[in-house]
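Right, one structure below, let's go through it.
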Amino acid sequence: MGKLKVMTIFGTRPEAIKMAPLVKELESRPEFESYCCVTAQHRQMLDTVLDIFHIKPQFDLDIMEDRQTLSTITSKCLLGLEEVFQQVRPDLVLVHGDTSTTFAGALAAFYQQISVGHVEAGLRTGDKYSPFPEEMNRSMVGRLADLHFCPTETNRRNLAAEGIARGVFVTGNTVIDALGTTVRRDFQFTTPALNHLDYQEKKVIVVTCHRRENYGEPMEQIMNALRRLALAYENEIELVYPVHLSPVVQDSAHSHLDGLDNVHLVEPLTADEMHNLMARSYMVMTDSGGLQEEAPALGKPVLVLRRETERPEAVAAGTVRIAGTGELDIFAMASELIDSPAAYAVMARAVNPYGDGRACRRIADGILYYFGRTDRPPEMFKNR
Ligand code: UD1
Ligand code: UDP
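Mapping the sequence shown onto this note's numbering, position 241 (from 1) lands on 221, and the numbers just tick up by one.
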């Protein structure tokens, strides 16, 4: 029996961070011939992840444009991937999560009748436009995929409710595998501002914000809330905000937050810097998906700057709260966590509803099982 040709496809920062340990796992197993194709929907933010994890893709579509639209991303990926698939003819294509690269990757593979595996499958809000366009991307990939690697049991149930029950494995989230390789007690930051922060005496709050559905009024309100917090707690908190390279986000963050002494607007951090910064921080305020998974594992409270979340597990565990996108609501919830040690203690508990660091192993085992290379299905991840 020949080796299984498996091609991983990704294009943005979070996909890269979460696929990196899987690429390594596939490369280390003799049963696989592993190929990696990046669309480079993100350029700089992707390349730093490839560097950190020492990944050299065989294919790079280099599609990113300034202020790109959903249509340009999707169409450039579809055309580029058609050529790649004709060259390699993989047995299986693996896509991750819910970006435009994810959707186009699954669709391009389907057009060539190549099997599709969806990593981070089954997350849902039930609202077509929130997050936008991610909710529809992951739903459509759910229809296209043959293999579904769900981080949690909740995700598996979401798929079952849509009639998707074959080829489903509960594996944990690969981001917890990645986190296990990056966080170190003696870590030295290369971004100078981060080495000079007083993590003992000050409450360091990590902030990120980038989602398309927050563009406009919600982002205005979020930035106003951050400004209000910085001014109200001038001597108590330090806000560290690595600003996403999207020009929309850059404009919004700098126009509201420039010139405040306790707000540090820095370039996007490398994944290892970001993980170690969170590990030393007081709490996290974010609309990011990945941060909602990482911070609970590090015992840091999270305020989600969105109206809903597709990641209800840490909300149920009590370490994540939905703050919404209203200036006063965000300010009130953050103030409570800054002012009240009791409120803080309730949320600052390390929990791991998203994984145990063995997701990639289960995914590789699941692929072998699906292709009949082993009789034993992988053991499922259980959230304890
Ligand atoms: C994309 C994903 C989103 C994911 C996010 C992670 C889609 C539709 N959206 O959103 O699901 O949460 O990535 O960060 O797939 N840019 C650069 N350099 C970079 C990256 C981005 O200059 O390295 C700028 C470009 O001008 C680009 C813009 O940011 O046009 C927006 O990038 P895009 O991938 O379209 O959207 P994101 O908001 O990053
Ligand atoms: N991240 C990073 N540098 C930053 C901000 C985020 O490495 O400056 C990491 C973060 O730790 C997480 C991932 O990027 O692993 C989340 O990506 P993002 O917020 O862009 O996307 P989302 O998770 O919302 O899709």
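Note that CB positions come from ideal geometry on N, CA and C, so glycine has one too.
Phe65: which of Thr54, Asp107, Thr82, Gln92 sits nearest, CA to CA? Walking along the sequence shown from the start, residue 65 turns up at place 85. Here the closest residue by C-alpha is Gln92.
Who are Val326's beta bridge partners in DSSP? Locating residue 326 in the sequence shown gives position 346, counting from the first residue. Bridge partners of Val326: none, in fact.
Output the residues surrounding the ligand UDP, defined as those with a CB atom closer than 5 Å to any ligand heavy atom, in chain order. Arg(-7), Pro(-6), Ile(-3), Pro222, Pro248, Leu249, Ala251, Met254, Ser268, Gly269, Gly270
Report the partner residues of Ser95 according to the DSSP bridge assignment. Start at 1 with the first residue of the sequence shown, and residue 95 comes out as number 115. DSSP, once it has assigned bridges, lists Leu72 as partnering Ser95.
For Thr(-12), the residue or residues it bridges with in DSSP: On the sequence shown, position 8 is the one that residue -12 refers to. Answer by DSSP bridge pairing, in chain order: Cys16, Leu74.
Are the beta-carbon atoms of Leu159 and Glu274 separated by less than 7 Å? On the sequence shown, position 179 is the one that residue 159 refers to. On the sequence shown, position 294 is the one that residue 274 refers to. Cβ atoms of Leu159 and Glu274: closer than 7 Å.
In whole angstroms, give me the CA-to-CA distance for Ala141 and Gln168. Reading the sequence shown from its first residue, position 161 is the one you call residue 141. Reading the sequence shown from its first residue, position 188 is the one you call residue 168. Ala141 and Gln168: Cα-Cα distance of roughly 46 Å.
Let me know the secondary structure DSSP gives Arg301 once reduced to three states. The residue you call residue 301 lines up with position 321 of the sequence shown. Here Arg301 sits in strand by DSSP.
Inter-stretch contact (C-beta, 8 Å, three-pair minimum) for the stretch 253 to 272 and the stretch 235 to 245: no
With Asp78 and Asn117 assumed to form a contact (beta carbons below 8 Å), what rounded beta-carbon distance in angstroms separates them? Counting from one through the sequence shown, the residue named residue 78 turns up at place 98. Counting from one through the sequence shown, the residue named residue 117 turns up at place 137. In this structure Asp78 touches Asn117 by the C-beta definition: roughly 4 Å separates them, less than 8 Å.
Three or more C-beta pairs closer than 8 Å, one from the stretch 141 to 153 and one from the stretch 220 to 239: is that the case here? no
Buried/exposed call for Thr170, threshold 16 Cβ in 10 Å: For the purposes of this step, residue 170 is identified with residue 190 of the sequence shown, where counting begins at 1. Exposed, because fewer than 16 other Cβ atoms sit within 10 Å of the Cβ of Thr170.
Backbone CA spacing between Thr49 and Ala86 [nearest angstrom]: Taking the sequence shown and counting its residues from 1, the one referred to as residue 49 is at position 69. Taking the sequence shown and counting its residues from 1, the one referred to as residue 86 is at position 106. Cα to Cα, Thr49 sits roughly 19 Å from Ala86.
Please name the residue or residues paired with Lys183 in a DSSP beta bridge. As a first step, residue 183 is located in the sequence shown; it is residue number 203 there, counting from the start. The partner list for Lys183 (beta bridge, DSSP) reads Ile217.
Where Met44 falls: helix, strand or coil (DSSP): The count along the sequence shown starts at 1 and reaches residue 44 at position 64. Coil, per DSSP.
Buried or exposed for Tyr109, please, with buried defined as at least 16 other CB atoms from any protein chain shown within 10 angstroms of its CB. As a first step, residue 109 is located in the sequence shown; it is residue number 129 there, counting from the start. Around the beta carbon of Tyr109, a 10 Å sphere encloses fewer than 16 other beta carbons of the protein chains shown; the residue is thus reported as exposed.
The ligand UD1 and Leu159: does any heavy atom of the ligand fall closer than 6 Å to the residue's C-beta? Position 179 of the sequence shown holds residue 159. Not so, every heavy atom of the ligand UD1 lies at least 6 Å from the Cβ.
Would DSSP call Met360 helix, strand or coil? Working through the sequence shown from its first residue, we reach residue 360 at position 380. In the structure shown, Met360 sits in coil (DSSP, three-state: anything other than H, G, I, E or B).
What does a CB cutoff of less than 8 Å around Gly270 pick up in its chain, not counting 5 residues either side in sequence? The residue labelled residue 270 in the question sits at position 290 within the sequence shown. Same-chain partners within the cutoff: Pro(-6), Ile(-3), Lys(-2), Val155.
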